[in-house]
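Trainee: Each number in my numbering comes from the position in the sequence shown (counting from 1) with 312 added on.
Glycine is no exception: its CB is placed at the ideal position from the N, C-alpha and C atoms.
The structure is given below, and queries will be raised subsequently.
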Amino acid sequence: MWRSVIVLMVILLTGCQAMLPTQLRGDVTFVGTPTDAVTDWDSTKGQYVRWGGLVAKVKVRKQATWVEIVALPLEASGRPRRTDASEGRFIARIPGLLDPIIYRRGREITVYGTLTKTVNGKIGEQAYTYPVLDVVGHQLWPKRREVRKEIYIIPSYWGGYWHPHIWPGPVHVLPKPTPRTTPEKNEK
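Laid out in structure tokens, this is it:
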């Protein structure tokens, strides 16, 4: 009896965990932020990390594509969490050609790889030191669908304090109608 309960619980718990995409799986040996990595570079060089965020800039080079990423905290699935709390910036060096139109500014990306070096650059007029990550695997996430649904409540027939029975009447929830536009006629 207890064996079947334990087996059922293990199956249930493994089914509920968030799964990382295959290309992002691997041992992470440094769990800090890009800012932490630059601060303590001697001990973080060569460590494996999984970082993600928003694409800021893409530079196509001869052997690889350099993607500048604004680091954000990751969800359990590995996808960057939408927040205004940046964890710094880093450069992901991804082998091969990535199309800058697809990997454009503002897209969500998660990368996995090793920290190899730092590069000095600028953000606007400010000097900045970027940790560079040699990417083993990466995931460009599909765009999030923004769903906005507005509703309004129609009052019941009696309204106010006049109810025909003890309990208030039902509340009708309908989607808010969208105004229709008619094409303008060209008058000459």
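Mind checking which residues open and close the alpha helix (DSSP H) that includes PRO346?
Mentor: Segment 346-351, the alpha helix (DSSP H) holding PRO346.
Trainee: Looking only at C-alpha atoms, which of THR377, TYR424, TRP453 and PHE402 sits nearest to ARG337?
Mentor: Checked all of THR377, TYR424, TRP453 and PHE402; the closest Cα to ARG337 is TYR424.
Trainee: Measure the CB-CB distance between THR356 and PHE342 and report whether it falls below 8 Å.
Mentor: Cβ distance < 8 Å, so THR356 and PHE342 count as in contact.
Trainee: Spell out the partners DSSP gives VAL361 in its beta bridges.
Mentor: GLY425, per the DSSP bridge assignment.
Trainee: Can you look up ASP354 in the DSSP assignment and give me helix, strand or coil?
Mentor: Note: ASP354 maps to helix in three-state DSSP.
Trainee: Could you pull out every residue in the same chain whose Cβ sits closer than 8 Å to the Cβ of PRO392, ignoring the five residues on either side in sequence?
Mentor: For PRO392, where only same-chain residues beyond five positions count, the Cβ hits under 8 Å are GLY364, GLY365, LEU366, LEU384, PRO385, LEU386, GLU420, ILE421, THR422 and TRP453.
Trainee: Can you look up ILE318 in the DSSP assignment and give me helix, strand or coil?
Mentor: Here ILE318 sits in helix by DSSP.
Trainee: Report yes if the CB atom of THR426 is closer than 8 Å to the CB atom of THR441, and no otherwise.
Mentor: No. Outside cutoff.
Trainee: Taking the straight line between their C-alpha atoms, what separation do you get for THR377 and GLY400?
Mentor: Between THR377 and GLY400, the C-alpha separation is close to 20 Å.
Trainee: Does the distance from the CB of ALA397 to the CB of ILE381 come in under 8 Å?
Mentor: It is not a contact, given that the beta carbons lie outside the stated cut-off.
Trainee: Below 8 Å between beta carbons: does that hold for ILE406 and VAL447?
Mentor: The answer is yes: Cβ separation under 8 Å.
Trainee: Residues bridged to GLY433 by DSSP?
Mentor: The partner list for GLY433 (beta bridge, DSSP) reads TYR440.
Trainee: State yes or no: is the C-beta of VAL340 within less than 8 Å of the C-beta of ARG373?
Mentor: The answer is no: Cβ separation not under 8 Å.
Trainee: Could you give the DSSP three-state label for LEU332: helix, strand or coil?
Mentor: Looking at LEU332 - three-state DSSP - the assignment turns out to be coil, as it is neither helix nor strand.
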